[in-house]
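Chains as they are written, first to last, in the working numbering: chain A, 104 to 231; chain B, 3 to 143.
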């Protein structure tokens, strides 16, 4: 596990129970000392977009108990910056569409959607 | 030119090392991520999300260079969208990664950018990003 993911996992503060492996929700609070804020940006910390997507993939992986990789970002919208110490709810839902593992996710702060993604997830290594 | 002169990102979140070429609306940036990068696991494999950041930072370096050529300080930019970013290969710490970017549309403060990350002849990821470029001369910017 890389250091970024360890930092993300350590920032989880609350999970909604009973959401199952096809859907999940978890609350995060990224402290000012979170590694993803380091250098992004000096004096103006903003949660990097890649942290937001990594958090969704890691949450889905943990909920289903299998190693997953990000195969594609079909679409992503980043609507508002996420600052240190904000409570961020991540919600996702997975489905299989034509054999592809689709993960739709939203991030919200204070009830407002700040990011929305449609990701493709896959198990195992990238085929060569 | 060193990317640190062109983009606001700083270590450990600065993933691009050098802007190596700019020509005809396209640019190429180079990255060699160390084993100690937060993006690498114990086996040196880079997280797939790194590719998106490489494209975004490479474009920021390109834009920063163009701003400097115009005698302006590099403007800030923010990633606001991604479309059809395909991840087709695995990168490792120590790999020499080249990220090419091309502006396909620019309207108002927004730019649509196509990017691809390669290692040698192998394309590891490619896709389209949308960025918002902050005009330092605009009110509230």
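All C-beta atoms in this analysis are idealised placements derived from N, C-alpha and C, irrespective of residue type, glycine included.
Just so you know, these numbers come straight off a predicted model, no measurement behind them.
Interface partners of residue 156 of chain A on chain B, CB under 8 Å
51, 54
Listed by chain order, chain B residues near residue 186 of chain A by CB distance under 7 Å
Neighbours of residue 186 of chain A on chain B: none; closest Cβ ~13 Å, over 7 Å.
Mind checking residue 116 of chain A: buried by the 16 CB within 10 Å criterion, or exposed?
exposed
Residues of chain B with a CB under 9 Å from the CB of residue 141 of chain A: which are they?
12, 13, 14, 15, 40
Within 8 Å of any Cβ in chain B, is that where the Cβ of residue 201 of chain A sits?
no
Spatial distance of residue 33 of chain B from residue 203 of chain A (CA atoms):
Our two residues, residue 33 of chain B and residue 203 of chain A, have alpha carbons roughly 31 Å apart in a direct line.
Name the DSSP beta bridge partners of residue 129 of chain B, please?
B:117
Test: residue 22 of chain B CB closer than 8 Å to a CB of chain A:
no
Is the Cβ of residue 6 of chain B closer than 8 Å to any Cβ of chain A?
With 8 Å as the cut-off, residue 6 of chain B does not count as an interface residue toward chain A.
Backbone CA spacing between residue 85 of chain B and residue 207 of chain A [nearest angstrom]:
14 Å
Report the rounded CA-to-CA distance for residue 136 of chain B versus residue 82 of chain B, giving the unit in angstroms.
12 Å
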